[in-house]
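To start, the structure under review is shown below, and the notes come after it.
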Amino acid sequence: LGLLGVYSIIKGVTHSFTMLFLLDRFGRRPLNLIGSVSITFTMYYMAAFTSITGSFHSTREPGASSKSALAMFYLYGASYSLGWGLVFIVNSEIYPNRVHGFCVAWATRFHWIGELCTSFAIAYRLKKFFFGTFVYFGTCTILGGVFSQMFVPETNGKSLENMDVMFEAKGLAWRQMRTWGKQKVRQMMLEGRGVGEEIEEMNSGPQVKEFDSKV
1 LGLLGVYSII KGVTHSFTML FLLDRFGRRP LNLIGSVSIT FTMYYMAAFT
51 SITGSFHSTR EPGASSKSAL AMFYLYGASY SLGWGLVFIV NSEIYPNRVH
101 GFCVAWATRF HWIGELCTSF AIAYRLKKFF FGTFVYFGTC TILGGVFSQM
151 FVPETNGKSL ENMDVMFEAK GLAWRQMRTW GKQKVRQMML EGRGVGEEIE
201 EMNSGPQVKE FDSKV
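Numbering follows this note's numbering, in which position 183 of the sequence shown is assigned residue number 183; successive positions increment by one, without gaps.
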């Protein structure tokens, strides 16, 4: 079983465990945040390691530092599956019914085009920029994580019909989530329900807890 085989197993197991046990329990945004922080750490570690050891320009016997770099490689795979393997889930949840199929198809298409371009370009980047390649990907992860936390609200527990209410609200993601919560309470009260356990469950959800922690 080679290094890439172990890497694939780690990614697959982490992805399956996340989808089965973590996704609906903790929500999309917290997992994305954890994954982004972990990926950034692994990328900057790899950049520092290759810069200090000069591994792009010399061959040396693997030592403890080399094993730690390999561990960072595996940690990156697990972190990506945890935090950024959710893009297909979120992509299928954020569009209203009237444009759902069209938007999911095109977003998925652009995703794989980006994956293809990255796969072709990474060898040239490593050859030209060396450890700067890891700095680049780590910085991109920071920017992507900040963007998702600021502009992508929590979609866990929300129907496609209610996406318009949340995304049409003004402000950043946590304000949009609060607007959706108020609309949900109003709707449940008009329907003669929403007291007791349902209100308590909604108010204790991950999206409300996240908002309360910010204010």
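Ideal placement from N, C-alpha and C gives every residue a C-beta, glycine not left out.
- Looking at Gln149, Thr14, Phe110, Gly132, the one whose alpha-carbon comes closest to that of Arg28 is Gln149.
- By the criterion of a C-beta distance shorter than 7 Å, Thr141 is surrounded in its chain by Ser36, Ile39, Thr40, Met43, once the five residues flanking it on both sides are discounted.
- Annotation: the stretch 4-47 contains the following complete segments of the alpha helix (DSSP H) (minimum length 4 residues), in chain order: 23-26.
- In the displayed model, Ile122 falls within a helix according to three-state DSSP.
- Ala173 sits close to Val152, with the two beta carbons spaced by under 7 Å.
- Taking C-alpha positions only, Met163 is separated from Val90 by approximately 12 Å.
- For Cys103, the CB contacts under 7 Å within the same chain, skipping 5 residues up- and downstream, are Tyr95 in chain order.
- Straight-line measurement puts the Cα of Val13 at about 33 Å from the Cα of Phe167.
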